[in-house]
Amino acid sequence: MNPAHHFTEVITLIQQARQRAVASINRELIELYWNVGTYISQKVEISEWGDGTVMQLADYLQQQHPDWKGFSYRGLYRMRRFYETYRDAPEFLTALLSKISWTNHLIILAQCKTPEERQFYLLLTTKERYSTRELERQIASGIYERVMLSPNVETVRTQLQEKGHNLISDGIFRDQYVFEFLNLPERHSERDLQRALIQNMKRFLLELGRDFTFMGEEYPVQVGMRDFRLDLLFYHRDLRCLVAFELKAGPFEPEYLGKLNFYLEALDRDVRKPHENPSIGILLCASTDQAVVEYALSRTLSPTLVADYTRQLPDKHLLEAKLAEFYQLNQADSEDN
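Numbering (the working numbering) for the sequence shown: 5 to 341.
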C-alpha cells in the first residue's frame, strides 16, 4: 500500500484551512479600515475635525501603539478615501470589497479614474484572484479600455446566445490581446508566435483569464480521410465550451474565417461532449482592418471573434483618450435619437 495518496490529501486539507484563515483575516482587516474611514469621514463632514485633528490622531496612535502598522496620516487618509469612494456603491459591489486585499484596493483607488473603471477591476480582481503584480500588469495593459473599445464583442455575444450559451461574462473576449511578455521581434512567423505562447502559457492565461484551460497545441481533428490540426485549443470552464485559436502573423484576410469555421464544425461534431456548449473560435492576427472584419463576420453563423495582438504594452493615455472619444460619440448619438 502506497500512503502517498493519503499524505497529499492531508496537505490539501492544510492548504484549504490556511486559505480560509487568510481570507478571514483579510475580511476583518478591510472591515476595520472601512469602519475607521467611516468614523473619520463623518467627523470631518460635521466639521468637528480637520486635517490637523486627523494628523493628531495618527500621532496619538503611533505613540500609544508603535507596533501598529498602517495608521499613519497617509494610511488614515486612504481609509477615509476608501469609505467615501464606495459608500454609495451598489450592494453587490460593496459585498466584493472584503474579498480583495488592501494592497489591491490601493492600486485600484490610485490608478482608476472613474467609478466604471473601478467597478470593472473590482469584479475582475475578485473573479481572477489577481496578485498585486498581476493587477498592476492588467491595468498597465489597459484591459478595461480594450474591453470597452471592442466593437466586435457584441456580435460574438449575440451569436453565443443564439447557439445556446446562457452565461456571457464581460471581459472574456476582446478585440486586442497584449503579448509584451513574449519578447517577439517585429518580424516573426506564426510558428514563432505559437512557440512563444506555449513557453509563456502562465502569462498567456493571465491575459486570457483563469477560466481558460489549455488542452493542446496542434490539436488533431480528422474529417473524412484527412487530418487537420488546430493551432491552440482551450476549454472555458465558465462558458463550458471549447475555444479554438488560429494564429496569423500577418494582417487579417477574410478567407481565414472559412478555415476556422470548418474547425469549429469538426469540434462540435466529433470532440464536443453532449453537455457542453457550441465551440467558439478566435482568429488572432497581427493586425486587423475593422471594416474588413465587419464585412467578413456579417455572414458568419459560428460564434467567431477576430482579434489582433500587440507585442508591446499599449499607450495607456492613448487608450483613455480613445475611450473618452467613444463615450462622447455614444452620448451625441443618444441625444440625436
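The C-beta atom is built at its ideal place from N, Cα and C for all residues, glycine as well.
{"Asked": "Secondary structure of residue 321, DSSP reduced to three states", "Found": "helix"}
{"Asked": "Close-in-space but distant-in-sequence residues of the same chain around residue 213 (CB under 7 Å, 5 per side omitted)", "Found": "132 and 176"}
{"Asked": "Inter-residue Cα distance where the pair is residue 15 and residue 21", "Found": "10 Å"}
{"Asked": "Identified DSSP bridge partners for residue 285", "Found": "248 and 308"}
{"Asked": "Three or more C-beta pairs below 8 Å linking the region 55 to 66 and the region 101 to 112", "Found": "no"}
{"Asked": "When 207, 265, 210 and 277 are compared against residue 234, the one with the closest alpha-carbon", "Found": "265"}
{"Asked": "Alpha-carbon to alpha-carbon, residue 222 and residue 231", "Found": "11 Å"}
{"Asked": "Chain-order list of residues whose beta-carbon lies under 8 Å from that of residue 184 (same chain, five-residue window excluded)", "Found": "145, 314, 315, 316 and 317"}
{"Asked": "Contact under 8 Å by Cβ, residue 327 with residue 149", "Found": "yes"}
{"Asked": "Cα-Cα separation between residue 88 and residue 41, rounded to whole angstroms", "Found": "8 Å"}
{"Asked": "8 Å Cβ cutoff met for residue 178 and residue 311", "Found": "yes"}
{"Asked": "Member of 192, 13, 238 and 142 whose CA lies at the smallest distance from the CA of residue 205", "Found": "238"}
{"Asked": "Residue 127 versus residue 325: straight-line alpha-carbon distance, rounded", "Found": "23 Å"}
{"Asked": "Whole-angstrom C-beta distance between residue 247 and residue 202, which should lie under 8 Å", "Found": "With a Cβ gap of about 16 Å, residue 202 and residue 247 do not count as contacting."}
{"Asked": "Identity of the residue in 252, 273, 249 and 258 nearest residue 226 by Cα", "Found": "273"}
{"Asked": "Residue 118 (DSSP reduced to helix, strand or coil)", "Found": "coil"}
{"Asked": "Collapsed DSSP secondary structure at residue 57 in the structure displayed", "Found": "helix"}
{"Asked": "Beta-carbon gap between residue 115 and residue 143 smaller than 8 Å", "Found": "yes"}
{"Asked": "N- and C-terminal bounds of the alpha helix (DSSP H) containing residue 197", "Found": "194 to 203"}
{"Asked": "Sequence-distant residues of the same chain with beta carbon closer than 6 Å to residue 267, five excluded per side", "Found": "234 and 248"}
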